[in-house]
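Please read the structure below before turning to the comments.
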Amino acid sequence: MPEPATPPPLSLYVHVPWCVRKCPYCDFNSHAAVGNIPEKAYVDALLDDLDQDLNTIIDRTIHTIFIGGGTPSLLSPNAIERLLTGIGQRTGMTKEREVTMEANPGTVEREKFSDFLHAGINRLSIGIQSFDDIQLQRIGRIHNGNDAIRATETAEAAGFGNLNLDLMYGLPEQTPEQAVGDLCIAIDLNPCHISWYELTLEPNTLFHNQPPPLPGDDAVMGIRAAGLPVLAESGYTHYEISAHAREGRECRHNLNYWSFGDYLGIGAGAHSKLTDTGKQEIYRTWKIRHPRAYLENTTGTSRVAGRSKLLQQDIILEFMMNTLRLTRGFSTAQFTEATGLPVSRITPTIDEARSRGLLSRDGDLVHTTDTGSRYLNELLLLFMPEGSARAGTGMG
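Residues -12 to 383 (this note's numbering) are what the sequence shown spells out, left to right.
Next comes the structure, spelled out in structure tokens:
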């Protein structure tokens, strides 16, 4: 692989694995908190984890930070401030960095919003999912619709000008009218960003083993067809499969993921993707997954649980898994710059996907069609290593 002139932009992901209660649809590394969260010990472990990884990001600048989970807003503002101060002392960060934290609409969390802002969080992502009390009960959420509205209003009053609301569609027995109703409430609250994504049954979740009565495929497509124009007409640009933003308010952290940038992950179960320009290689690492084991690891010892070098076909697949989420897709020049591979490596597959109506190509630009966006997993199967793509049953 030819050495790129400069490494890709770098982001930092921080994982906080605890939540009040595990949602039945959630397949993230999250664990219901029992008693008090050991936040001091965990922040110590996070900073020690970062110390062990500093040799992988020498002389690189962090552009964005995302604190996800779990429910990071269960931590105290003091813990968040100590974490961000420690990160700043150890790394180079841009002055205009975007620092996002996920939060839930519960009373305890929203009382801390102002202090989170002063601690250094400048973008808040609130996990609302629905404003319908019945739907919230069906999907195992512990807040109600009024909580969600108050949380949004509290965040704005606290000074969060960069606010995302997470909403789901395709909820149990949901109609297009109900889904659009959720969107309209969110739009009336005027956040600068709305994430609107389909509820799916992921392996190793309660809903996968005990499926609720979800709308059929045609009904979900009807919901999507009804909701997208509402978002567009309200000034939200559809820039990624599930992301809609006011002009200039796209999530910079996620854009780095979707543009095949680099990211370092710290925390229980966190993943990293880093480019070694000296060796002209791309590596993926992942950390010890269970919070207890992560905390019990000896200070000064790496918490890396695994590390692998991406083979050329893996690089192609990962590039497609990210960039094809963007409505703009990617350019052939971007593919070569990011992967070090000639575009001829993917031209036959692009042509096959075009023949199936999944991709469109406009000169140097390649992007999904409406069908390709809806059936992205099927499209990505075409880019899997030979033998896996045709034999697999799906990508989960």
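Using N, Cα and C, we set each Cβ at its ideal position, and we do this for glycine too.
Relative to the C-alpha of residue i, which candidate in the options has its C-alpha closest?
{"i": "Arg97", "options": "Asp134, Ser(-2), Ser360, Pro200", "result": "Asp134"}
{"i": "Ala106", "options": "Asp119, Arg128, Thr72", "result": "Thr72"}
{"i": "Ala32", "options": "Val86, Ser342, Gly287", "result": "Gly287"}
{"i": "Gln124", "options": "Asp249, Arg8, Ile172", "result": "Arg8"}
{"i": "Glu189", "options": "Leu61, Tyr12, His225, Cys6", "result": "Tyr12"}
{"i": "Val3", "options": "Leu70, Ile115, Asn241", "result": "Leu70"}
{"i": "Lys82", "options": "Val217, Pro64, Thr48, Cys238", "result": "Thr48"}
{"i": "Ala292", "options": "Gln299, Gln300, Ala280, Ile303", "result": "Ala280"}
{"i": "Gln76", "options": "Ile136, Leu34, Asn65", "result": "Leu34"}
{"i": "Asn151", "options": "Met371, Ala90, Asp46, Ala144", "result": "Ala90"}
{"i": "Glu140", "options": "Phe103, Glu160, Gln122, Pro178", "result": "Pro178"}
{"i": "Ala206", "options": "His231, Ala173, Tyr156", "result": "Tyr156"}
{"i": "Trp245", "options": "Met307, Ala144, Asp175", "result": "Met307"}
{"i": "Tyr362", "options": "Met371, Ala144, Gly344, Arg110", "result": "Gly344"}
{"i": "Tyr29", "options": "Ile52, Ile45, Ser63, Asp40", "result": "Ser63"}
{"i": "Phe100", "options": "Ala144, Ile228, Leu215", "result": "Ala144"}
{"i": "Leu41", "options": "Asn65, Leu(-1), Asp175, Ile67", "result": "Leu(-1)"}
{"i": "Leu298", "options": "Lys27, Pro335, Gly327, Asn284", "result": "Gly327"}
{"i": "Leu282", "options": "Thr(-7), Pro(-5), Gly359, Lys27", "result": "Lys27"}
Which class does residue i belong to by DSSP, given the choice of helix, strand or coil?
{"i": "Gln122", "result": "helix"}
{"i": "Gly379", "result": "For Gly379, the predicted model reports a pLDDT of 29, less than 50, meaning its position is unreliable and no value from the coordinates is stated."}
{"i": "Ser360", "result": "helix"}
{"i": "Arg236", "result": "coil"}
{"i": "Arg271", "result": "strand"}
{"i": "Ala407", "result": "Here the chain comprises residues numbered -12 to 383, so residue 407 is not present and cannot be evaluated."}
{"i": "Arg348", "result": "strand"}
{"i": "Ile337", "result": "helix"}
{"i": "Tyr0", "result": "strand"}
{"i": "Ala255", "result": "coil"}
{"i": "Val7", "result": "coil"}
{"i": "Ser384", "result": "Residue 384 lies beyond the stretch modelled for the chain, which goes from -12 to 383, so this question has no answer here."}
{"i": "Pro249", "result": "A small correction: the amino acid at residue 249 is Asp; Pro does not occupy that position in the sequence shown. Of the three classes helix, strand and coil, the one that applies to Asp249 here is strand, per DSSP."}
{"i": "Leu368", "result": "helix"}
{"i": "Tyr226", "result": "strand"}
{"i": "Met(-12)", "result": "Low per-residue confidence applies at Met(-12): pLDDT is 48, beneath 50, and the placement is therefore not dependable enough to give any value."}
{"i": "Ala20", "result": "coil"}
{"i": "Gly374", "result": "At Gly374, the pLDDT of 42 sits below 50, so the modelled position is not reliable and the matter cannot be decided from this model."}
{"i": "Pro(-5)", "result": "coil"}
{"i": "Phe15", "result": "coil"}
Between which two residues does the alpha helix (DSSP H) harbouring residue i extend?
{"i": "His414", "result": "Nothing about residue 414 can be read from this structure; the chain reaches only from -12 to 383."}
{"i": "Tyr281", "result": "278 to 283"}
Counting along the chain, where does the beta strand (DSSP E) carrying residue i start and finish?
{"i": "Gln299", "result": "Segment 299 to 310 is the alpha helix (DSSP H) holding Gln299; no beta strand (DSSP E) there."}
{"i": "Gly293", "result": "291 to 296"}
{"i": "Asp263", "result": "258 to 263"}
{"i": "Leu111", "result": "110 to 116"}
Flag this pair as yes or no: are the beta carbons of residue i and residue j separated by less than 8 Å?
{"i": "Glu339", "j": "Leu369", "result": "yes"}
{"i": "Pro278", "j": "His18", "result": "yes"}
{"i": "Leu154", "j": "Ile181", "result": "yes"}
{"i": "Pro88", "j": "Ile74", "result": "The sequence given here has Met at residue 88, not Pro. Contact: no."}
{"i": "Ala213", "j": "Ala166", "result": "yes"}
{"i": "Asn388", "j": "Gly256", "result": "A query on residue 388 cannot be resolved here, the shown segment of the chain reaching from -12 to 383 and no further."}
{"i": "Asp14", "j": "Asn243", "result": "no"}
{"i": "Lys274", "j": "Gly248", "result": "no"}
{"i": "Pro92", "j": "Ile126", "result": "no"}
{"i": "Gly387", "j": "Ser259", "result": "With the chain covering -12 to 383 only, the question about residue 387 has no answer from this structure."}
{"i": "Ile54", "j": "Val21", "result": "no"}
{"i": "Gly222", "j": "Arg239", "result": "no"}
{"i": "Asp36", "j": "Ser117", "result": "no"}
{"i": "Cys10", "j": "Gly56", "result": "no"}
{"i": "Tyr226", "j": "Leu313", "result": "yes"}
{"i": "Leu311", "j": "Leu366", "result": "yes"}
{"i": "Leu186", "j": "Leu158", "result": "yes"}
{"i": "Leu346", "j": "Ile333", "result": "no"}
{"i": "Leu(-3)", "j": "Tyr250", "result": "yes"}
{"i": "Ile302", "j": "Ile269", "result": "yes"}
{"i": "Leu104", "j": "Gly146", "result": "yes"}
{"i": "Arg84", "j": "Thr51", "result": "yes"}
Taking Cβ positions only, does residue i come closer than 8 Å to chain D?
{"i": "Asn42", "result": "The structure shown contains no chain D; it is built from a single protein chain."}
Identify every run of the beta strand (DSSP E) within the stretch 137 to 223, keeping only runs that are complete inside it and at least 3 residues long; order them along the chain. 150 to 156, 180 to 185
Of all the alpha helix (DSSP H) runs that stay within the bounds of the stretch 22 to 108, which reach a length of 4 or more residues? 26 to 40, 64 to 77, 94 to 97, 100 to 106
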